[in-house]
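Working notes, structure below.
Residue numbers (the UniProt record's numbering): 1 to 304.
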């Protein structure tokens, strides 16, 4: 938790100090359980964390359902946990960083596929990176391919597992614009481990992104388990089983019944897929690979 908070503060500082155009938003993120049992479990977990000495003074807790619904604009809210966080456009941030690196002399290769990494048998360098365009001798290798990490480092097979996830883009109707627009990011906690990650692009076009462990994700998981190739298929789009659940949530929780109709260009527009990396114990790998001095990894972030 402390590491996450420190990383967030440094990231926001970097964006602000370098005037990065990446649609940065800073405000309250809300964790909102919409089920009594989930709310009870979350409350118990929070209190255990407090008793263990965890820092919670930055979190505003609302356990009254009516007040939680008012704050979150989610009708079935049973509680609300609010703290400072951010959203941004990751492509714009990454592009800015890479442009800066290129200006400083970095050689960026975007179409050079790495096939293997091996210990150097000759010369003074520790490692040889074998690519389709030749070999690179080096002392430092950073594995930052997340769910694909085991493709280059066999010791990670079964430890970091790739898994396709879907994101849906929602264009809000007029009833969710202006003063009624969502002004927060959300983690909506559902029964049976379901979870909606909701990000409103209130600093740009106002569209709302739905991700997370959508209840409709289970059908996609079952499909992906049938072959290893499916686990790394990021060409998926417009999966109705996933979009249906997000649409149902919007219409039942965010829109009033008389305002549930969409005008031209409103509603769910399209969805796309990406591959997340799941670590075996739920904790990401950040640091040097055991027994391989000079090889580092940052992977297994579970979509966060």
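Where a beta carbon is used, it is the ideal one built from N, C-alpha and C, also for glycine. Fair warning: this is a prediction, and the values are worked out from it, not measured in the lab.
Count the other CB atoms within 10 Å of the CB of residue 270; is the residue buried (16 or more) or exposed (fewer)? Translated into the one-based positions of the chain shown, residue 270 becomes position 270. Classification of residue 270: exposed, given that the 10 Å Cβ count is below 16.
Report all residues from its chain with a CB closer than 7 angstroms to the CB of residue 272; omit the five preceding and five following residues, and keep chain order. Position 272 of the chain shown, counted from the first residue, corresponds to residue 272. Cβ neighbours of residue 272 beyond the five flanking positions: 167 and 237.
C-alpha distance - residue 39 paired with residue 78, whole-angstrom precision: For the purposes of this step, residue 39 is identified with residue 39 of the chain shown, where counting begins at 1. For the purposes of this step, residue 78 is identified with residue 78 of the chain shown, where counting begins at 1. Taking the straight line from one Cα to the other gives about 6 angstroms.
Is the beta carbon of residue 303 closer than 9 angstroms to that of residue 228? Along the chain shown, one-based indexing puts residue 228 at 228. Along the chain shown, one-based indexing puts residue 303 at 303. Result no, Cβ atoms of residue 228 and residue 303 do not sit closer than 9 angstroms.
Tell me the rounded alpha-carbon separation between residue 135 and residue 113. Residue numbering aside, residue 135 sits at position 135 when the chain shown is read from its first letter. Residue numbering aside, residue 113 sits at position 113 when the chain shown is read from its first letter. One C-alpha to the other measures close to 11 angstroms.
Please classify residue 31 as buried or exposed, where buried requires at least 16 other C-beta atoms within 10 Å of its C-beta. Working through the chain shown from its first residue, we reach residue 31 at position 31. Buried is the call here.
Among the residues of its own chain, which have a CB less than 6 angstroms from the CB of residue 266, if the five just before and after it don't count? Taking the first residue of the chain shown as 1, we reach residue 266 at position 266. Only 171 and 173 meet the Cβ criterion.
Quick one, which of 45, 180, 67 and 289 has its alpha-carbon nearest residue 150's? In the chain shown, residue 150 corresponds to position 150, counting from 1. Nearest of 45, 180, 67 and 289 to residue 150, Cα basis: 289.
I need the straight-line Cα distance from residue 253 to residue 160, nearest angstrom please. Stepping through the chain shown from its first residue, residue 253 is reached at position 253. Stepping through the chain shown from its first residue, residue 160 is reached at position 160. Going from the Cα of residue 253 to the Cα of residue 160 covers about 35 angstroms.
Decide if the segment 49-56 is in contact with the segment 200-213; the criterion is three or more beta carbon pairs, one per stretch, under 8 angstroms apart. no
Return helix, strand or coil for residue 262, following the three-state DSSP convention. Numbered from its first residue, the chain shown carries residue 262 at position 262. Here residue 262 sits in coil by DSSP.
Between the segment 237-250 and the segment 217-227, can you find at least three pairs of beta-carbon atoms closer than 8 angstroms? yes
By the 10 Å Cβ neighbour count, where 16 or more other Cβ atoms means buried, how is residue 177 classified, buried or exposed? The residue labelled residue 177 in the question sits at position 177 within the chain shown. Its Cβ having fewer than 16 others within 10 Å, residue 177 is exposed.
Going by the beta-carbon positions, is the gap between residue 275 and residue 187 smaller than 9 angstroms? Translated into the one-based positions of the chain shown, residue 275 becomes position 275. Translated into the one-based positions of the chain shown, residue 187 becomes position 187. No.
Residue 115, enclosing beta strand (DSSP E) - first and last residue: Taking the first residue of the chain shown as position 1, residue 115 is located at position 115. Looking at the DSSP string, the run of the beta strand (DSSP E) that includes residue 115 is 114-119.
Compare the C-alpha of residue 95 against each of 21, 33, 137 and 70 and name the closest. One-based indexing of the chain shown puts residue 95 at position 95. Here the closest residue by C-alpha is 21.
Does the beta-carbon distance from residue 25 to residue 295 come in below 9 angstroms? If you number the chain shown from 1, residue 25 lands on position 25. If you number the chain shown from 1, residue 295 lands on position 295. The answer is no: Cβ separation not under 9 angstroms.
In terms of DSSP beta bridges, what is residue 209 paired with? The sequence position of residue 209 within the chain shown is 209, counting from 1. Beta-bridge pairing links residue 209 to 169 and 199.
Does DSSP put residue 215 in a helix, in a strand, or in coil? Walking along the chain shown from the start, residue 215 turns up at place 215. The answer is coil: DSSP assigns residue 215 none of H, G, I, E or B.
Could you check which residue in 278, 9 and 82 has the C-alpha nearest to that of residue 59? Locating residue 59 in the chain shown gives position 59, where the first residue counts as 1. Per the Cα distances, 82.
Same chain only: Cβ atoms within 7 angstroms of residue 234, ignoring 5 sequence neighbours per side: Looking up residue 234 in the chain shown gives position 234. Contacts found: 164, 273, 274 and 275.
Euclidean distance between Cα positions of residue 110 and residue 286: Taking the first residue of the chain shown as position 1, residue 110 is located at position 110. Taking the first residue of the chain shown as position 1, residue 286 is located at position 286. Taking the straight line joining both Cα atoms gives about 23 angstroms.
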